[in-house]
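For my numbering, add 287 to where a residue sits in the sequence shown, where the first one is 1.
Heads up, the beta-carbon is just placed ideally off N, CA and C, and yes, glycines get one too.
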Amino acid sequence: MKKTSLALIIGSLMLCNAAQAADVNFSGYGSIRAGLVLGDDHFPRNFNYDDNIDFKEESLFALQVKTQINDDWSATIILQAKGQDDFELEARWAYLNYELTDETTLTLGRFALPYFRNSDTQDIGYAHNYSVMPRSVYRGQAFDVIEGIRLMHSTFIGDGDITIKGSYGSFSGSTLTALGEVESDINNIMQLSVEYSYDWFSIYFGALNAELDLDINSQLDAALMKSLPGYTVKDGTVYNPKPEQLAVYDMSATYVNEDSATYLSTGFTIDYQQWLFNAEYVTYKIDDSFSEQNKSMYVSLGYRFDKTVVTLVHEDVSYNFDYDNVSSADPYVNAFLTATNNTFLKPNEYDAQGIHIRYDASEGIAYKFEYTYATDKVEGEGASVVTFGIDYVF
Numbered sequence: 288m289k290k291t292s293l294a295l296i297i298g299s300l301m302l303c304n305a306a307q308a309a310d311v312n313f314s315g316y317g318s319i320r321a322g323l324v325l326g327d328d329h330f331p332r333n334f335n336y337d338d339n340i341d342f343k344e345e346s347l348f349a350l351q352v353k354t355q356i357n358d359d360w361s362a363t364i365i366l367q368a369k370g371q372d373d374f375e376l377e378a379r380w381a382y383l384n385y386e387l388t389d390e391t392t393l394t395l396g397r398f399a400l401p402y403f404r405n406s407d408t409q410d411i412g413y414a415h416n417y418s419v420m421p422r423s424v425y426r427g428q429a430f431d432v433i434e435g436i437r438l439m440h441s442t443f444i445g446d447g448d449i450t451i452k453g454s455y456g457s458f459s460g461s462t463l464t465a466l467g468e469v470e471s472d473i474n475n476i477m478q479l480s481v482e483y484s485y486d487w488f489s490i491y492f493g494a495l496n497a498e499l500d501l502d503i504n505s506q507l508d509a510a511l512m513k514s515l516p517g518y519t520v521k522d523g524t525v526y527n528p529k530p531e532q533l534a535v536y537d538m539s540a541t542y543v544n545e546d547s548a549t550y551l552s553t554g555f556t557i558d559y560q561q562w563l564f565n566a567e568y569v570t571y572k573i574d575d576s577f578s579e580q581n582k583s584m585y586v587s588l589g590y591r592f593d594k595t596v597v598t599l600v601h602e603d604v605s606y607n608f609d610y611d612n613v614s615s616a617d618p619y620v621n622a623f624l625t626a627t628n629n630t631f632l633k634p635n636e637y638d639a640q641g642i643h644i645r646y647d648a649s650e651g652i653a654y655k656f657e658y659t660y661a662t663d664k665v666e667g668e669g670a671s672v673v674t675f676g677i678d679y680v681f
């Protein structure tokens with residue numbers, strides 16, 4: 288509710304001043320999208336659809352307001368409402384830009400955290416040819432905005448151009464995890480990315496490190512005591528049932544408190560005549576956790592037919608697990624820890640093959656269709672997902 292009120296107040300103030308400020312520019316983007324799973328036997332965990340058609344999950348609306356304060360400073364705010372958040376309006380981005388030179392810009396405030404090549408534009412459906420950006424990579428991040436500072440430098444090297452981004456800051460809010468949405472604090476976020484483009488080819492490298500605090504302690508404690516009647520957790524220590532009631536495990540080995548998270552990403556694009564080829568690969572890990580290394584990737588091949596673009600996409604998500612933290616002297620606690628890890632993380636492993644079709648109906652309007660078959664690697668079951676809708680910009 289607070290986010291809605293704040294965003295509405297800011298938006299109203301800008302709208303009221305629009306008539307007096309000739310340099311205030313309004314633009315926006317959005318998507319109206321529906322999706323469902325064909326059949327009712329299996330619902331892919333990473334696609335958030337079932338056999339009932341849903342118009343909310345991937346629909347969104349956004350308004351961007353930008354003003355040039357003077358020759359050096361500009362201000363931007365993006366008010367966005369996502370269907371998956373019940374269309375609650377929030378100040379998605381809100382930042383100041385200072386133009387240090389023609390090639391270098393300093394950004395202060397709340398802005399997109401560039402994990403991946405298209406992080407800045409992943410919500411703008413009209414900007415890409417997919418129904419939605421491949422979920423294997425673009426739904427893999429725990430958080431996608433940062434409150435802090437960014438320095439961006441773009442220049443020419445030979446006949447190509449290079450863009451370097453470096454960011455530092457923090458994030459506080461809800462984070463999507465395998466346990467659902469939990470409150471989180473991510474501090475000391477340090478990010479660096481480099482993209483080089485030459486004619487029809489571009490390549491990207493990115494790295495990110497942060498300290499994570501996820502509010503999952505009480506959930507893990509409750510799950511253990513429910514699964515193992517008679518066991519108790521006090522101040523992060525597990526005690527076995529009476530009469531012994533011995534300390535058998537230190538839960539700090541499973542809590543996410545000031546744990547270091549590292550993301551590495553790379554990708555490249557070929558846009559040659561009518562052919563389009565894209566690939567991105569991401570690996571990330573959280574120190575002192577069961578998930579030793581997570582790997583996500585996609586490759587896509589597209590072809591332009593006048594106003595229509597057809598794209599074939601392959602996606603893959605996999606995990607490497609580290610069970611060193613399963614170190615209790617109590618076999619029941621070890622069984623719980625192993626089962627919990629497997630229950631929350633392994634079902635996220637999948638691969639998928641899909642076809643995406645984009646048709647540019649008119650200026651600022653694109654019709655999209657997607658058919659994807661996703662296979663759960665653990666259960667070995669697959670299902671077909673269909674989405675369709677309209678992306679627009681103004």
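>> Considering just the uninterrupted stretch of the alpha helix (DSSP H) at Gln506, what are its terminal residues?
In response: Along the sequence shown, read from residue 1 onward, the residue named residue 506 stands at position 219. Unbroken alpha helix (DSSP H) run through Gln506: 504-514.
> So, using beta-carbon positions, are Glu344 and Ser318 closer together than 8 Å?
Replying inline: To locate residue 344, count along the sequence shown from 1; it is residue 57. To locate residue 318, count along the sequence shown from 1; it is residue 31. Not closer than 8 Å, so no.
> Nearest CA to the CA of Phe681: which residue from Ile411, Ile340, Pro331?
Replying inline: By 1-based counting over the sequence shown, the position of residue 681 is 394. Ranking the options by Cα distance to Phe681, first place goes to Ile411.
> Is the beta carbon of Tyr402 sitting closer than 8 Å to the one on Tyr550?
Replying inline: Looking up residue 402 in the sequence shown gives position 115. Looking up residue 550 in the sequence shown gives position 263. Closer than 8 Å, so yes.
> So, are the CB atoms of Ser583 and Ser423 less than 8 Å apart?
Replying inline: Translated into positions along the sequence shown, residue 583 becomes position 296. Translated into positions along the sequence shown, residue 423 becomes position 136. Yes, they are a contact pair.
> Is the segment 582-602 in contact with the segment 503-517, if contact means three or more CB pairs nearer than 8 Å?
Replying inline: Contact between the segment 582-602 and the segment 503-517 is absent, because fewer than three Cβ pairs lie under 8 Å.
>> Can you tell me where the alpha helix (DSSP H) holding Tyr526 begins and where it ends?
In response: As a first step, residue 526 is located in the sequence shown; it is residue number 239 there, counting from the start. Not the alpha helix (DSSP H): Tyr526 falls in the beta strand (DSSP E), residues 524-526.
>> Taking DSSP's pairing of strands, which residues face Val432 in a bridge?
In response: Here residue 432 corresponds to residue number 145 of the sequence shown, with the count starting at 1. Note: Val432 is bridge-paired with Ala399 in the DSSP secondary-structure output.
> What are the uninterrupted segments assigned as beta strand (DSSP E) that are 3 or more residues long and contained completely in the segment 525-601, given in chain order?
Replying inline: The beta strand (DSSP E) runs of length 3 or more contained entirely in the segment 525-601 are, from start to end of the chain, 534-537, 544-559, 562-573, 578-592.
>> For Tyr336, count the other beta carbons within 10 Å of its own beta carbon; 16 or more makes it buried, fewer makes it exposed. Which is it?
In response: On the sequence shown, position 49 is the one that residue 336 refers to. Counting Cβ neighbours within 10 Å, Tyr336 comes out buried, since at least 16 surround it.
> Any idea if Trp562 is buried or exposed, counting beta-carbon neighbours within 10 angstroms, 16 or more meaning buried?
Replying inline: On the sequence shown, position 275 is the one that residue 562 refers to. Trp562 should be labelled exposed.
>> Suppose you measure from the CA of Glu666 to the CA of Ile356; what does that come to, to the nearest Å?
In response: As a working note, residue 666 is residue 379 in the sequence shown. As a working note, residue 356 is residue 69 in the sequence shown. Going by the C-alpha atoms only, they are around 56 Å apart.
>> Mapping the DSSP letters down to three states, classify Ala294 as helix, strand or coil.
In response: Here residue 294 refers to the residue found at position 7 when the sequence shown is read from its first residue. Only weak support is given to the placement of Ala294: the predicted model assigns it a pLDDT of 47, under 50, and the question is left unresolved by the model.
> DSSP state of Ser406, grouped into three classes?
Replying inline: Your numbering for residue 406 matches position 119 in the sequence shown. Ser406: helix per DSSP, three-state reduction.
>> Tell me the rounded alpha-carbon separation between Ala534 and Asn527.
In response: One-based indexing of the sequence shown puts residue 534 at position 247. One-based indexing of the sequence shown puts residue 527 at position 240. The alpha-carbon atoms of Ala534 and Asn527 are separated by roughly 7 Å.
> Exposed or buried, Tyr385, counting other C-beta atoms within 10 Å across all chains shown (16 or more means buried)?
Replying inline: Stepping through the sequence shown from its first residue, residue 385 is reached at position 98. Classification of Tyr385: exposed, given that the 10 Å Cβ count is below 16.
> Should Trp487 go down as buried or exposed, given a rule of 16 or more other Cβ atoms within 10 Å for buried?
Replying inline: Counting from 1 along the sequence shown, the entry for residue 487 is found at position 200. Classification for Trp487: exposed.
> So, are the CB atoms of Ala540 and Asn612 less than 8 Å apart?
Replying inline: Translated into the one-based positions of the sequence shown, residue 540 becomes position 253. Translated into the one-based positions of the sequence shown, residue 612 becomes position 325. Closer than 8 Å, so yes.
>> Rounded to the nearest angstrom, what separates Asn475 and Gly326 at their Cα positions?
In response: Within the sequence shown, numbered from 1, the residue matching residue 475 stands at position 188. Within the sequence shown, numbered from 1, the residue matching residue 326 stands at position 39. Taking the straight line joining both Cα atoms gives about 45 Å.
>> Looking at the secondary structure, which residues open and close the alpha helix (DSSP H) in which Ser423 lies?
In response: Counted from its first residue, the sequence shown places residue 423 at position 136. Its alpha helix (DSSP H) spans residues 422-425.
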